[in-house]
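**Q**
2 protein chains.
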Amino acid sequence: MRDVRMRGFTRRTPLSDVLAALEADSKPLSAEPVSLGDCAGRVLAQELAAPRAVPPFARAAMDGFAVRGEDSFGASSFDPVILEVRGQALPGAPFAGTVGPGEAVRIMTGAPLPMGADAVAKAEICRTTTATTSELPKTVELLEAVAPEKHVGQVGEDVQQGEVLLRAGRRLRPQDVGLLASLGVTEVPCHRRPRVRLIVTGDELLAPGEVPQGSRIVDSNSPMLRALVARDGGLLDDYRLLPDDPAQIGAALSEPGPDVILVTGGSSVGAEDHAPVLLHKLGRLDFHGVTMRPASPSAGGRIGERWVFLLSGNPVSCLCAYEFFAGPTLRALGGRSRSWPHRTLRAKLARKIVSELGRTDYVRVALEDGLVLPLSTAGASILSSTVRAAGAVIVDRDLEGLAEGQEVEVLLYDEDPA
Amino acid sequence: MRDVRMRGFTRRTPLSDVLAALEADSKPLSAEPVSLGDCAGRVLAQELAAPRAVPPFARAAMDGFAVRGEDSFGASSFDPVILEVRGQALPGAPFAGTVGPGEAVRIMTGAPLPMGADAVAKAEICRTTTATTSELPKTVELLEAVAPEKHVGQVGEDVQQGEVLLRAGRRLRPQDVGLLASLGVTEVPCHRRPRVRLIVTGDELLAPGEVPQGSRIVDSNSPMLRALVARDGGLLDDYRLLPDDPAQIGAALSEPGPDVILVTGGSSVGAEDHAPVLLHKLGRLDFHGVTMRPASPSAGGRIGERWVFLLSGNPVSCLCAYEFFAGPTLRALGGRSRSWPHRTLRAKLARKIVSELGRTDYVRVALEDGLVLPLSTAGASILSSTVRAAGAVIVDRDLEGLAEGQEVEVLLYDEDPA
């Protein structure tokens, strides 16, 4: 490896090459059993077939009276059909007998349909004589005819036994979890969530929650990365704030445990930028220096199976490098889509954006009067630009910039719709 | 209150009236201090001004050499300017002296700019004689001129002291949390997250994780609602599976603690549908029966300050009622947007949707060949329709339906982009 420290990058790797290599290499992690209560939002590792039918028995789909449909033929409000009420069927207390000709059973939604009955006359078309709802009426008048099978949920109507319900790779929705519960499923095989170690390096840094003093500033990257890792389904269970000491950084890179290590600071070409050299020594430095702005000093590689991303200490570069390299990898390891997770919006540029051929730009933009306004910012350390911005526009490497009035896609920073 | 049990709804409340009343009544909950590490995704209850400037001192924005800009004028690779290297400035170890004319100090990104210097010559335009990066060179050759202020982050360049950074109502982004950390903020005033009690009623129900047996089925609503409440920022800390017993349901409604109570089952017009009567007795039943499909038997009201939503036991109705009534209320109580939280997509209908004037329909749809295909489903109990569907289309009450080929907006069920 060529040591670029204090000499600068003479050649950077094209962003598209880095992204293609990351995509080719990152496969979903192995499966683990996840309990029903924890599986919402997780990604199925195998297809899932129904172990039983839903509903497991024919049941009422409405409140009313279970009847033999043919008994009701010709019924109208002028000439109701009168049936004898033989009992009641509740979801928790089915009716044990059989409904014979001229008979009915009061039934509640979800209750098993009694033997003999083949339809449910909904409450709205039934007239009874009792004044209270707790007392069972002796007879019921049907004011309309009820076709056989009306308002009856048949066995397997919702789900048939053995039917493949959910494919591998499905990110489980709230309603998926409901359906799994109704099937009696207790555990679901999901891809493991990637475990993340965050190494923040810098002699000058104080831990988040401390107050900046003199030349010592607070690590602002770890709170940001913590939230991004959570968004992307990673488990950030190990945070280490280290001085610019190669021995300590090397030890933190080597120690087993995580699937992904994020290092912030010490990734560029300064004398104290030890991380790329260490990654090269301990494993494989796959890229260092990328044709993009910001985040061009980003680096990445592997130590064994472990992914290592060296993100700049500059907060905007750090955000940008995370979003381009670490974020998609984390999502892919967890079985999710690599795509940008942001909401997007298409609108026209209020002002041109200048870029350079061969370089991909990540430009913070505001939205004003329905137009996209590029924010001019001096440097990668201007974290507040990402706070003030509505989102980001990516200028492709094939372009020298984007013209005023051109329609662009904005990756919106806000999770919620406006 | 008119007791609708076993008589049916003769008059339903227009959906728009219910939604308008909910919106008028739901204000964000009070503020609570939230620690920096937990505030991502939470909603600011007050505006936040910067307690100090960022950066708090002038600092290098690049690795290289701190110089007096005027010394470099005329420098080129053919005719470099040679400066004497007086020392080194690191972020954690500032240079204590002053840079005089003809002098330079090696400097790393983020290090305080030494007295006397006014610019940073980046490493790429500097040539030094030492072979190793750890040894400080005696001199440095500048290959280009460096304008004063070049690559210097000025005091307050990112954030000025006292500047209002974040407005009340802001849902905190990952980068917001980073910026707050760099300002030395340790706690943030955020709206309280609504506490939710979930009451699931039904003699026939088994708890999620159990296996359905005979006429007993598993509560599929609570796992779904748990995930939806989490999505909408609520804290579901109390789940009660109760029989159809008015005394027990009444006690669970009365007991203080939650901001919102969700009841599933027992909300319709069946003899065992106790919840609406109980809500009327214990507090206020604001609506019962809504002009929509599914979820028409939904009800809601208040007991003191507490919101109570009676959702159908039918899983699709339950999902629909949650999405229309409970979801927006939970989000509003936590300070978030009431708007649908789903990703959306606009596409044309592959087939017409039939509805009824005066009724709002929540129609599950698939996406096929870029077209929106309404799923024909028999009833509200077909939870699998929401599993098979790509999303939902809402048919407004002013419409008798939607024509084939008409463009519609689909609320996508999947959180991730395709």
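Quick note, the sequences are listed as chains A and B, same order.
If you're matching positions, the first sequence starts at 48 in the numbering used here and goes up one per residue.
If you're matching positions, the second sequence starts at 48 in the numbering used here and goes up one per residue.
All C-beta atoms, glycine included, are put in the ideal place defined by N, C-alpha and C.
#1: From this set, T175/B, Y369/B, G139/B and T176/B, which residue's C-alpha is nearest L160/B's C-alpha?
#2: If you compare alpha carbons, which of F125/B, G121/B, G304/B and A113/B is closest to E131/B?
#3: Cβ closer than 8 angstroms: which chain A residues qualify as neighbours of L91/B?
#4: Which of helix, strand or coil does DSSP assign to L219/A?
#5: Check the Cβ-Cβ distances between G144/B and every residue of chain A, and say whether any is below 8 angstroms.
#6: So T248/B is in the beta strand (DSSP E); what residue range does that whole segment cover?
#7: Can you tell me whether I468/A is buried or exposed? The criterion is at least 16 other CB atoms within 10 Å of its CB, across all chains shown.
#8: Could you name the residues of chain E that P103/B contacts, counting a contact when the two beta carbons are closer than 9 angstroms?
#9: Does A228/A come within less than 8 angstroms of chain B when only Cβ atoms are used?
#10: Rounded to whole angstroms, what is the Cα-Cα separation between A151/A and T145/A?
#11: Please list, in chain order, the residues of the stretch 447 to 460 of chain A that have any C-beta partner in chain B closer than 8 angstroms.
#12: Could you spell out the range, first to last residue, of the beta strand (DSSP E) harbouring S82/B?
#13: With DSSP as the reference, identify every bridge partner of I350/B, one or two as the case may be.
#14: Run down chain A in chain order and give the residues with a C-beta less than 8 angstroms from the C-beta of V434/B.
#15: Taking CB distances under 8 angstroms as the criterion, tell me whether G139/B reaches chain A.
#16: Looking at the C-beta of M339/B, does it have a partner C-beta in chain A at a distance below 8 angstroms?
#17: How would you write the range of the alpha helix (DSSP H) that L272/B sits in, first residue to last?
#18: With C-beta atoms as the reference, is Q135/B less than 8 angstroms away from R153/B?
#19: Where do the ends of the alpha helix (DSSP H) carrying T145/B lie?
#20: Quick check on R383/B - is its C-beta less than 8 angstroms from some C-beta in chain A?
#21: Does DSSP classify R58/B as helix, strand or coil?
#22: With H, G and I counted as helix, E and B as strand and the rest as coil, what does DSSP make of Q260/B?
#23: Might you give, ordered along the chain, the residues of its own chain that have their beta carbon closer than 7 angstroms to the beta carbon of S345/B, omitting 5 neighbours on each side?
#24: Under DSSP, the beta strand (DSSP E) around V337/B begins and ends at which residues?
#25: Would you mind stating whether L288/B and D266/B have Cβ atoms separated by less than 8 angstroms?
#26: Anyone know if the C-beta pair for G381/A and V90/A falls short of 8 angstroms?
#27: Please look up how many angstroms separate the CB atoms of V206/A and L212/A, rounded, as I've assumed it's under 8 angstroms.
#28: DSSP three-state call for L418/A: helix, strand or coil?
#29: Within 8 angstroms of any Cβ in chain A, is that where the Cβ of R239/B sits?
#30: Who does V132/B pair with in a DSSP beta bridge?
#31: Candidates T156/B, G157/B and A164/B: which alpha carbon is nearest P148/B's?
#32: Give the residues from the stretch 67 to 90 of chain A that approach chain B closer than 8 angstroms (Cβ to any Cβ), ordered along the chain.
#33: In this structure, how does DSSP classify G225/B when only helix, strand and coil are distinguished?
#34: At 7 angstroms on the CB atoms, spell out the chain B contacts of L366/A, in chain order.
#35: Does the beta-carbon distance from V455/B to G448/B come in below 8 angstroms?
#36: Could you pull out every residue in the same chain whose Cβ sits closer than 7 angstroms to the Cβ of Y286/B, ignoring the five residues on either side in sequence?
**A** In terms of the structure at hand:
#1: Stepping through the second sequence from its first residue, residue 160/B is reached at position 113. The shortest Cα separation from L160/B among T175/B, Y369/B, G139/B and T176/B belongs to G139/B.
#2: Within the second sequence, the letter at position 84 stands for residue 131/B. Among F125/B, G121/B, G304/B and A113/B, the Cα nearest to that of E131/B belongs to A113/B.
#3: In the second sequence, the residue the question calls residue 91/B occupies position 44. The contacting residues do not exist; L91/B stays about 12 angstroms from chain A at best.
#4: Counting from one through the first sequence, the residue named residue 219/A turns up at place 172. Residue state, collapsed to three classes: coil.
#5: Your numbering for residue 144/B matches position 97 in the second sequence. Not one chain A Cβ lies under 8 angstroms of G144/B.
#6: The residue labelled residue 248/B in the question sits at position 201 within the second sequence. Start and end: R242 to T248.
#7: Nothing can be reported for residue 468/A, as the shown portion of chain A is limited to 48 through 465.
#8: Among the chains of the structure shown, chain E does not appear; the protein chains present are A and B.
#9: Counting from one through the first sequence, the residue named residue 228/A turns up at place 181. Output row for A228/A: interface = yes.
#10: Here residue 151/A refers to the residue found at position 104 of the first sequence. Here residue 145/A refers to the residue found at position 98 of the first sequence. In a straight line, the C-alpha of A151/A is about 10 angstroms away from that of T145/A.
#11: Within the stretch 447 to 460 of chain A, the qualifying residues are Y460.
#12: As a first step, residue 82/B must be located in the second sequence, where it is residue number 35. Where S82/B is concerned, the enclosing beta strand (DSSP E) stretches over A78 to S82.
#13: In the second sequence, the residue the question calls residue 350/B occupies position 303. Looking at the DSSP assignment, I350/B forms a beta bridge with R353/B.
#14: The residue given as residue 434/B occupies position 387 in the second sequence. L212, L213, R220, Q222, D223 and L226, listed in chain order.
#15: Residue mapping note: residue 139/B aligns to position 92 of the second sequence, counting from 1. Yes, G139/B counts as interfacial toward chain A.
#16: On the second sequence, position 292 is the one that residue 339/B refers to. Judged by the 8 angstroms Cβ criterion, M339/B is not in contact with chain A.
#17: Locating residue 272/B in the second sequence gives position 225, counting from the first residue. N268 to R278 is the extent of the alpha helix (DSSP H) around L272/B.
#18: In the second sequence, residue 135/B corresponds to position 88, counting from 1. In the second sequence, residue 153/B corresponds to position 106, counting from 1. Result yes, Cβ atoms of Q135/B and R153/B sit closer than 8 angstroms.
#19: On the second sequence, residue 145/B is found 98 positions in, with the first residue counted as 1. First-last for T145/B: undefined, no H or E at that position.
#20: Indexing the second sequence from 1 puts residue 383/B at position 336. Closer than 8 angstroms to some Cβ of chain A, the Cβ of R383/B qualifies, so yes.
#21: If you number the second sequence from 1, residue 58/B lands on position 11. Note: R58/B maps to coil in three-state DSSP.
#22: Taking the first residue of the second sequence as position 1, residue 260/B is located at position 213. Three-state result, Q260/B: strand.
#23: One-based indexing of the second sequence puts residue 345/B at position 298. Cβ neighbours of S345/B beyond the five flanking positions: S314, V337, L357, L358, S359, A368 and F372.
#24: The sequence position of residue 337/B within the second sequence is 290, counting from 1. V337/B -> no beta strand (DSSP E), and no H or E assigned at all.
#25: Here residue 288/B corresponds to residue number 241 of the second sequence, with the count starting at 1. Here residue 266/B corresponds to residue number 219 of the second sequence, with the count starting at 1. Contact: yes.
#26: Along the first sequence, one-based indexing puts residue 381/A at 334. Along the first sequence, one-based indexing puts residue 90/A at 43. Yes, these two residues count as a Cβ contact at 8 angstroms.
#27: In the first sequence, residue 206/A corresponds to position 159, counting from 1. In the first sequence, residue 212/A corresponds to position 165, counting from 1. So it is a contact: roughly 6 angstroms between Cβ atoms.
#28: On the first sequence, position 371 is the one that residue 418/A refers to. The answer is strand: DSSP assigns L418/A an E or B state.
#29: By 1-based counting over the second sequence, the position of residue 239/B is 192. Cβ-Cβ to chain A under 8 angstroms: no for R239/B.
#30: Against the second sequence, residue 132/B aligns to sequence position 85. Per DSSP, A151/B.
#31: Locating residue 148/B in the second sequence gives position 101, where the first residue counts as 1. When each option's Cα is compared against that of P148/B, the closest is A164/B.
#32: When CB distances to chain B are screened at a threshold of 8 angstroms, the residues of the stretch 67 to 90 of chain A falling below it are S82, L83, G84, A87 and G88, in chain order.
#33: Taking the second sequence and counting its residues from 1, the one referred to as residue 225/B is at position 178. Three-state DSSP puts G225/B in a helix.
#34: Here residue 366/A corresponds to residue number 319 of the first sequence, with the count starting at 1. Those within 7 angstroms of L366/A in chain B are Q222.
#35: Here the question's residue 455/B lines up with position 408 in the second sequence. Here the question's residue 448/B lines up with position 401 in the second sequence. The answer is no: Cβ separation not under 8 angstroms.
#36: Numbered from its first residue, the second sequence carries residue 286/B at position 239. Excluding sequence neighbours, Y286/B sits near L245 and S269.
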